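In our numbering, the protein residues as written are 68 to 326. Data first, discussion second: the structure below is written as structure tokens.
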């Protein structure tokens with residue numbers, strides 16, 4: 068554990084420098100970071116500093132640190148392995164379910180010694196973004212998304228109701244955000260955010276490749292669409308052919324009854 072304020076007061080570089088020092092001192096089998104925007108930048112900088120290979124956006128990690136990746140807009144799934152130096156792997160948030168494991172973990176304080184170069188960019192101001200009760204979209208274990216079939220901005224309350232009942236984040240397809248029905252920061256897809264929840268519910272989403280690229284690594288996918296030929300059913304683990312405005316409220320009620 069490193070508690071120096073310098074790690075928070077400067078932009079990215081101090082964290083990469085500290086990790087490089089730890090890699091040199093401890094010779095770890097691998098370094099795992101979260102595949103957030105900051106985490107991927109840290110991984111890249113660390114790879115240069117340690118002369119190592121780096122893998123980003125891993126959605127699984129097997130024996131020998133062989134990573135599973137979804138690439139080319141989700142069109143290809145590959146296994147990748149670092150062949151040089153210490154494997155540095157940025158793992159997509161929530162892509163792996165937590166598993167209880169026996170073990171005696173220990174917390175160790177480490178000193179922080181930073182170069183002047185690492186302090187070149189300082190954080191001069193922080194603006195706190197107000198957050199609602201719902202979890203962050205890219206880190207949520209459950210995501211409920213609405214698409215063109217929702218029909219209007221007002222009708223997104225149906226999607227929000229199910230999300231709140233499940234303790235889930237709300238997502239939207241590009242068609243829904245382009246229509247102005249839901250804010251663009253909640254768009255899931257190739258030009259939006261990529262999510263890997265344990266459960267993804269797609270309501271009124273046809274399943275175009277643009278959207279599939281952002282959610283197809285979810286562990287379980289449930290599709291609700293009145294068109295039985297919708298491409299989303301090819302990807303779904305469970306599908307419901309029906310009007311989301313009838314199906315989703317019933318599902319929300321059933322979830323509420325079981326609480």
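Glycine included, every Cβ here is placed at the ideal spot set by N, Cα and C. Since this is a predicted model, take the numbers as computed values, not measurements.
First through last residue of the alpha helix (DSSP H) which encompasses residue i
i: residue 313; result: 311 to 324
i: residue 224; result: 223 to 233
i: residue 283; result: Where residue 283 is concerned, there is no enclosing alpha helix (DSSP H), given that its DSSP letter is neither H nor E.
i: residue 299; result: 299 to 302
i: residue 115; result: 104 to 117
Straight-line Cα distance separating residue j from residue i
i: residue 72; j: residue 92; result: 22 angstroms
i: residue 146; j: residue 174; result: 32 angstroms
i: residue 295; j: residue 308; result: 6 angstroms
i: residue 158; j: residue 285; result: 14 angstroms
i: residue 221; j: residue 98; result: 45 angstroms
i: residue 115; j: residue 189; result: 22 angstroms
i: residue 96; j: residue 149; result: 12 angstroms
i: residue 80; j: residue 214; result: 39 angstroms
i: residue 126; j: residue 276; result: 19 angstroms
i: residue 84; j: residue 181; result: 7 angstroms
i: residue 105; j: residue 243; result: 28 angstroms
i: residue 254; j: residue 260; result: 6 angstroms
i: residue 133; j: residue 164; result: 17 angstroms
i: residue 160; j: residue 185; result: 26 angstroms
i: residue 326; j: residue 319; result: 11 angstroms
i: residue 176; j: residue 223; result: 47 angstroms
i: residue 168; j: residue 267; result: 26 angstroms
i: residue 135; j: residue 245; result: 32 angstroms
i: residue 258; j: residue 252; result: 11 angstroms
i: residue 170; j: residue 100; result: 21 angstroms
For residue i, the first and last residue of its enclosing beta strand (DSSP E)
i: residue 155; result: 155 to 158
i: residue 308; result: 305 to 308
i: residue 137; result: 134 to 138
i: residue 214; result: No beta strand (DSSP E) contains residue 214, which DSSP labels as neither H nor E.
i: residue 89; result: Residue 89 -> not in any beta strand (DSSP E); alpha helix (DSSP H) instead, spanning 80 to 93.
i: residue 269; result: 266 to 270
Buried versus exposed, by CB contacts within 10 Å (16 or more), residue i
i: residue 82; result: buried
i: residue 139; result: exposed
i: residue 305; result: exposed
i: residue 316; result: exposed
i: residue 250; result: exposed
i: residue 283; result: buried
i: residue 192; result: exposed
i: residue 166; result: exposed
i: residue 212; result: buried
i: residue 131; result: exposed
i: residue 263; result: buried
Other residues of its chain near residue i: CB distance less than 6 angstroms, five sequence neighbours each side excluded
i: residue 236; result: 201, 202, 204, 207 and 210
i: residue 297; result: 273 and 274
i: residue 216; result: 271 and 311
i: residue 75; result: none
Close Cβ partners of residue i (< 7 angstroms) along its chain, the five nearest in sequence each way excluded
i: residue 123; result: 102, 107, 110 and 157
i: residue 302; result: 274, 279, 283 and 288
i: residue 299; result: 269, 272, 273, 274, 290 and 292
i: residue 256; result: 240, 241, 277, 278, 280 and 281
Residues near residue i in its chain [Cβ-Cβ closer than 8 angstroms; skip 5 each side]
i: residue 322; result: 229, 232 and 233
i: residue 117; result: 87, 90, 91, 152, 153 and 155
i: residue 120; result: 114, 149, 150, 151, 152, 154 and 155
i: residue 247; result: 220
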